[in-house]
Amino acid sequence: MLQKLKFLGFSENVQAWFKSYLSDRSFYVSLNDCLSEEGTINCGVPQGSILGPLLFLIYVNDMPQAVTCELYLYADDSCLIYQHKDLDVINEKLCLDFSKLCDWFIDNKLSIHFGEDKTKCILFASKNKIKKVGQLNIFYRDVIIKQFSKLTYLGGLLDQTMSGDEMALNVIRKVNNRIKFLYRKNEFLTPKLRRILCNALIQPHFDYVCSAWYPNLTQNSKKRDCSVHRTNVYHFA
């Protein structure tokens, strides 16, 4: 961390402050009013600190330099992307860069979660082409990354054809659940409070990353989505 601060051009005073902040840290465990012996923290940032998220962003700022594919970072989520018409080239390129990423994690004393709920791969293509191409084969050493036909990334549900239908269905399910809840409380709500609750509990589901999933919807899906939006939200409000 201190080396990266120096490389990024932070002043000597700032570096000295962070060195003092990060050095000579210790911890203990409290359980049922009993305290453990103190342990020494050799690396890392104090958990729950205000500076923690900012320091993490600085710490992983050079991660894209380890790969040649596109690498999107958001907090502790990363997404490795490569585009090509030949599946073999995609497999080769992603395997190579994924291995480089894993090596970068090791060099920087970070861990990567290989579980299916954390590390996944997906192949995007048109409806006609997705039926013809084979499976992705992304791996690191003896760990094979499982391929999915749909996955959630930063709260958005992505399917193989990028149709947006899965995301639309997910939005409709969430909205319907909240509408049912509000209807059960309808007699206690004034019109003003209904509108406030709709704007707070329902509208955000329609708005969230809508530019990523709504334009690709089929006309039937758009009609169904808009119908739910008009009938349930505004009729209730």
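Counting from 125, one number per residue, gives the positions in the sequence shown under my numbering.
Where a beta carbon is used, it is the ideal one built from N, C-alpha and C, also for glycine.
Fill in: Closest residue to Q327 among Y307, V299, K304, Y338 (Cα-Cα distance)
Nearest of Y307, V299, K304, Y338 to Q327, Cα basis: V299.
Practice prompt. List the endpoints of the continuous alpha helix (DSSP H) containing K128.
Written response: From DSSP, the alpha helix (DSSP H) with K128 extends over 126-131.
Worksheet item: Between the C-alpha atoms of F229 and V169, what's the straight-line distance to the nearest angstrom?
Response: Near 16 Å, if we compare the C-alpha coordinates of V169 and F229.
Fill in: Span separating the alpha-carbon of P188 from that of K224
Rounded to whole angstroms, the separation of the alpha carbons of K224 and P188 is 10 Å.
Discussion item. Only counting the same chain, and skipping five residues up and downstream in sequence, which positions put a Cβ closer than 8 Å to that of K130?
Written reply: Excluding residues within five positions, the ones whose Cβ falls inside 8 Å are Q139.
Item to complete: Give the secondary structure of R149 by DSSP, where H, G and I count as helix, E and B as strand, and everything else as coil.
Response: In this structure, DSSP gives R149 an extended state, which the three-state scheme calls strand.
Fill in: DSSP-derived helix/strand/coil call for L275
In the displayed model, L275 falls within a strand according to three-state DSSP.
Practice prompt. Rounded to whole angstroms, what's the CA-CA distance from E136 to S144? Just pull it up for me.
Written response: Cα to Cα, E136 sits roughly 12 Å from S144.
Discussion item. Taking the straight line between their C-alpha atoms, what separation do you get for E153 and I174?
Written reply: The residue you asked about is not Glu; residue 153 is Val in the sequence shown. Roughly 21 Å between the two C-alpha positions.
Item to complete: Have a look at D210 and C219 and give me their C-alpha separation to the nearest angstrom.
Response: D210 and C219: Cα-Cα distance of roughly 14 Å.
Practice prompt. Count the other CB atoms, across all protein chains shown, that sit within 10 Å of the CB of E102; report buried if there are 16 or more and exposed otherwise.
Written response: In this structure the chain extends from 125 to 361, so residue 102 is not present and cannot be described.
Discussion item. Nearest by alpha-carbon distance to I214: which of N185, Y196, F248 is it?
Written reply: Selected option, being the one with the closest Cα: F248.
Worksheet item: Below 8 Å, can you find three or more Cβ-Cβ pairs linking the segment 329-348 to the segment 281-297?
Response: Segments in contact, yes.
Fill in: Through-space distance from P315 to L178, alpha-carbon basis
So the alpha carbons of these two residues sit roughly 42 Å apart.
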